[in-house]
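Chains as they are written, first to last, in the working numbering: chain A, 275 to 603; chain B, 45 to 212; chain C, 840 to 1568.
From the three backbone atoms N, C-alpha and C, an ideal C-beta is built for every residue, glycine too.
These notes concern the structure reproduced below.
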């Protein structure tokens, strides 16, 4: 870990001001310190935002929730409103990490987790995300856990978050505060960038821009929600593939279909065409297979992760079976 | 960097390199080596302590971030001649072999039982709107952030289950 | 001068059965438990040593080339840095178990990526870590070297070749045959405590506080590495946070700490980072194993073949002894075995829990399941039919073997009769299957010494440099001494892990308990003899219990008998003719129920049972725990564990606990264990055999066989991760 200046922010305005000269916010720190110990990340200045008043979960006027950026993963998963009305979010959080990590990790920090790519973590190997222009060791290396969708020739990293997949399926938006005091709201789709030619840029956030909250829209009525995480261990492992699904049925036909995917891509993945295909149709294996065809039309494996393509198909079909059965029950 | 920590009820004033993790502050600066370093990256749980009542991985947080916080380590849970019920149950059930993960397991389990008492759901909870029950699956899932290579898992689960039952 | 007891004849007197204190075998708690559960037990990097500096090691960034530290002076000038050391004596890799001498040394040439080629010492850990990370290492004149067995030079191991009868003809003529090739990946021991050492010099004398399994060898290995006399070295390891083979031989951090402490003139601690444990300690060799089975119409083996390919670094003689149990587990007149060793530039291969059988029996037992399936025979019955009368190669008798009982009893406890047909049972989206496998592991007695002191206060002290790596040594040595001397458990103090004490066998190869236990037994026997002489009775007529001696219808307290004397005796055992006269092994059987997700191929072990026979059980509680641990290693081997190597430079890609998946609590059901009553007179005077590794020797096969039963998918490439399962579904 390289030496750094440490300071504590007393307010969001203070945080923004402190970040003006360049600095990295630290909240839970469960990923940042992990990477700093390996000097994969090496900020000169660490601004501790843990004492800011961003730990509330408030109901919004339109029936949604505003979740402070510092709400811990545990508190969010345990919130009775979330458990009742946005269960996919609780489920995704509870499927992630461990009890200890969920107590420390925050809502804002979770969204900004870095990839688990083993080459990103290893400074002795080339990585375009860590060291732009050095190359990608993962493409022809051990890439079992890496992406099959949304990759570029420069990077095949996956986004590791479970929570972000649920947030994506729920159409959550992040609220941010920029250094100049301006605030903005971003959908998760807009927040995250695909690697393209610049895998080192993962979000559209500007230097010093602070996530202050994540806003959930009103709960979706008359639909079943689930989060299915497929992984190598029964617990405490990152997703190989995950599916967050919200599906409703009306008169035997699919009336609502929101689907987001983890473990497949550099960002929580969503494909509107998949959802459009399903709406208005009668549930069937054939239909679900077609949905998977669309989802995976562009999928490309890199050897050790080839299995993710059939696994994603099988998981999606299984989740759609489960949700449509529950919805018709 | 001046940092004040209350550890097991005792206040400590420390002057630390800001890079010092809470775990290294305990082990290198306070002689509290009960909290173990198994991976230093939040991947094993051996360093589990409670901060303001909640279990966390002390390796993945800086000591200076906890200025003013109340920290409970294994040394604060019980002593050899004054064991907590959970510590006694770990001995009776042989919930350890080499013992290296054990303080983390016990800190984790102590906090975990509180979490269940407060009604927190887990990945193993059938209906997350219900109060969780203390099944083997629930305990095993909630303790999965604490690795044990000797693999005392069945005995750890049993020690926790029995302790919880006896205190209920 | 104490007499050395050589195990030359069976110990049919079964003296422990005559003892009345009631300790040996009882499920007693570990006496060190209160220290462990309160965080008071002192592991290697926890000694409070004055004025200690911190060392962090530096890795080679590739598998070949001359190592150059190009910014050495800059690093040496960084804040707090005391030294940047690239001493010739640094180890290339750890010593093999029982090496008793230095392993290959020299940090100037890289042999594998991750090799530890320097140590940076600083005032604080934070300074040392950053400075070590700042070292720029370049590899000059690097060559292209083989990093996988497929491209490596292969050395046939002639001494491992067996050709008995005519297997080829047997295969042609058999009613049923299996000819299948399996692979197992490299495994890591992954003890929870990373390797760590604190070195302190007092003049010319070195005290090394470390985390090691076999101290008497480790002291010699360390001394030889440093070029000093072993008398100058004292090693301390009273508590060891797991070993599983990875701490058998002296490792790079100990030598680095000793050199660094000398150079900076103060104590130095060097703790390996978890990544370094994965990259630069030991791995279990990957294996490719071809199994051939030829059976008659009734399922009797008429021939079997086992050909293995293993790997190791150039210069290392260790070759994973995959064939070890195949020589004696099953009958079959025509037998062919061979072993090849590929030279690869990956981290060193050495012993990982149950070297040989862990992967050898596991693969063989998978192939046996294929044969049972082909014949249409109950897999338990297939095994039962092929239990040989005597060792099928040497013709020697078995010392003791409750193999058939284990199969039968295990099947009954598990409910094997209720097993479903292939792909027959389904619960929702989960496919349910049962599987079983046999367990077998060779039994060994090793030289070991212990000193026992009996005091007039009615207490005893057991002293030996034996280690307790979680195995229960503190518990069982106290139980043995307590029983032999007639003392309550609490009256016996056990002191371990210090090379200034009599040298023991060390913890490895499942021989620790029986070997060190025998040395304690012998010392106690000598004390009994002396007591008997003082009382002028035959030792056989002496009953000791609760600090009192009963003989000739009278009872006297120890204080009375000893007056003010202590009795101090050394016990010293060596293996003798019983090691050669008979085939000694432990046996058992595993039964598992799995659920495999029909869509995702995820496997969950729902139930698992093991029945084991390992001679006299010294402590039913700690022995059971050893079996739980072994079976859980089996779950890992079956489902998740694999060191993943980069195909280009051979480095361990998944060098952390988040990606090298040892089982977590949720992966392991409430395993059940049955320990059969057994006495093995040939093993040692206690009739006990090793139990520390038996639990892993075949366990994984029970799970893969259950996956087959559930899904019809036969995974021959361990572990059965979901990608391999769905590929067959």
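For the ligand GTP, is there any heavy atom lying closer than 7 Å to the beta carbon of residue i?
{"i": "residue 1429 of chain C", "result": "This structure lacks the ligand GTP, and indeed carries no ligand of any kind."}
Per DSSP, what are the beta-bridge partners of residue i in this structure?
{"i": "residue 1288 of chain C", "result": "C:1411"}
{"i": "residue 518 of chain A", "result": "A:501 and A:534"}
{"i": "residue 55 of chain B", "result": "B:50"}
{"i": "residue 1027 of chain C", "result": "C:1122"}
{"i": "residue 1188 of chain C", "result": "C:1122"}
{"i": "residue 528 of chain A", "result": "A:523"}
{"i": "residue 486 of chain A", "result": "Its beta-bridge partners do not exist; DSSP assigns none."}
{"i": "residue 429 of chain A", "result": "A:426"}
Going by beta carbon distance, what residues of the same chain come within less than 8 Å of residue i, once the five residues before and after it are set aside?
{"i": "residue 840 of chain C", "result": "At residue 840 of chain C the pLDDT is 48, less than 50, meaning the model places this residue with poor confidence; the figure from the coordinates comes in the next sentence. The answer is none, since no qualifying residue turns up."}
{"i": "residue 1406 of chain C", "result": "1292, 1293, 1366, 1369 and 1370"}
Beta strand (DSSP E) containing residue i: first to last residue?
{"i": "residue 995 of chain C", "result": "993 to 995"}
{"i": "residue 1451 of chain C", "result": "1442 to 1452"}
{"i": "residue 1279 of chain C", "result": "1269 to 1281"}
{"i": "residue 279 of chain A", "result": "279 to 282"}
{"i": "residue 905 of chain C", "result": "905 to 908"}
{"i": "residue 450 of chain A", "result": "447 to 451"}
{"i": "residue 1060 of chain C", "result": "Careful: residue 1060 of chain C lies outside any beta strand (DSSP E), inside the alpha helix (DSSP H) at 1054 to 1065."}
{"i": "residue 1436 of chain C", "result": "1424 to 1436"}
Mind reading off the beta-carbon distance from residue i to residue j? Whole number of angstroms is fine, and I expect it under 8 Å.
{"i": "residue 961 of chain C", "j": "residue 892 of chain C", "result": "7 Å"}
{"i": "residue 385 of chain A", "j": "residue 438 of chain A", "result": "5 Å"}
{"i": "residue 1210 of chain C", "j": "residue 1134 of chain C", "result": "6 Å"}
{"i": "residue 941 of chain C", "j": "residue 1060 of chain C", "result": "6 Å"}
{"i": "residue 859 of chain C", "j": "residue 1384 of chain C", "result": "5 Å"}
{"i": "residue 1342 of chain C", "j": "residue 1402 of chain C", "result": "Residue 1342 of chain C to residue 1402 of chain C, Cβ: 32 Å. No contact."}
{"i": "residue 191 of chain B", "j": "residue 876 of chain C", "result": "With 8 Å as the limit, residue 191 of chain B and residue 876 of chain C do not qualify as a contact, their Cβ atoms being about 17 Å apart."}
{"i": "residue 593 of chain A", "j": "residue 527 of chain A", "result": "Contact doesn't hold; Cβ gap of about 18 Å is too wide."}
{"i": "residue 975 of chain C", "j": "residue 1030 of chain C", "result": "With a Cβ gap of about 31 Å, residue 975 of chain C and residue 1030 of chain C do not count as contacting."}
{"i": "residue 1276 of chain C", "j": "residue 1540 of chain C", "result": "4 Å"}
{"i": "residue 1425 of chain C", "j": "residue 1530 of chain C", "result": "7 Å"}
{"i": "residue 1588 of chain C", "j": "residue 1337 of chain C", "result": "Residue 1588 of chain C lies beyond the stretch modelled for chain C, which goes from 840 to 1568, so this question has no answer here."}
Is the Cβ of residue i closer than 8 Å to any Cβ of chain A?
{"i": "residue 1546 of chain C", "result": "no"}
{"i": "residue 933 of chain C", "result": "no"}
{"i": "residue 984 of chain C", "result": "no"}
{"i": "residue 840 of chain C", "result": "Low local confidence applies: a pLDDT of 48 at residue 840 of chain C is under 50, so the model's placement there is unreliable, with the coordinate-based value given in what follows. No, because no Cβ of chain A sits closer than 8 Å to the Cβ of residue 840 of chain C."}
{"i": "residue 54 of chain B", "result": "no"}
{"i": "residue 16 of chain B", "result": "Only positions 45 to 212 of chain B appear in this structure, which leaves residue 16 of chain B out of reach."}
If you follow the alpha helix (DSSP H) that residue i is part of, which residue opens it and which one closes it?
{"i": "residue 319 of chain A", "result": "Residue 319 of chain A -> not in any alpha helix (DSSP H); beta strand (DSSP E) instead, spanning 319 to 322."}
{"i": "residue 1544 of chain C", "result": "1538 to 1550"}
{"i": "residue 1355 of chain C", "result": "1351 to 1374"}
{"i": "residue 206 of chain B", "result": "197 to 211"}
Please go through the same chain and pick out, in chain order, the residues whose beta-carbon is closer than 7 Å to the beta-carbon of residue i, but skip the five residues on each side of it.
{"i": "residue 1223 of chain C", "result": "1243 and 1246"}
{"i": "residue 523 of chain A", "result": "529, 598, 601 and 602"}
{"i": "residue 476 of chain A", "result": "466 and 467"}
{"i": "residue 377 of chain A", "result": "346 and 348"}
Check whether the Cβ of residue i lies closer than 8 Å to any Cβ atom in chain B.
{"i": "residue 378 of chain A", "result": "yes"}
{"i": "residue 1120 of chain C", "result": "no"}
{"i": "residue 1558 of chain C", "result": "no"}
Using a Cβ-Cβ cut-off of 8 Å, state whether residue i counts as contacting chain E.
{"i": "residue 1443 of chain C", "result": "Of the protein chains in this structure, namely A, B and C, none is chain E."}
Is there a C-beta anywhere in chain C that falls below 8 Å from the one on residue i?
{"i": "residue 507 of chain A", "result": "yes"}
{"i": "residue 511 of chain A", "result": "yes"}
{"i": "residue 94 of chain B", "result": "no"}
{"i": "residue 188 of chain B", "result": "yes"}
Whose C-beta lies closer than 6 Å to the C-beta of residue i among residues of the same chain, with five residues either side of it excluded?
{"i": "residue 459 of chain A", "result": "447 and 449"}
{"i": "residue 379 of chain A", "result": "302, 304 and 347"}
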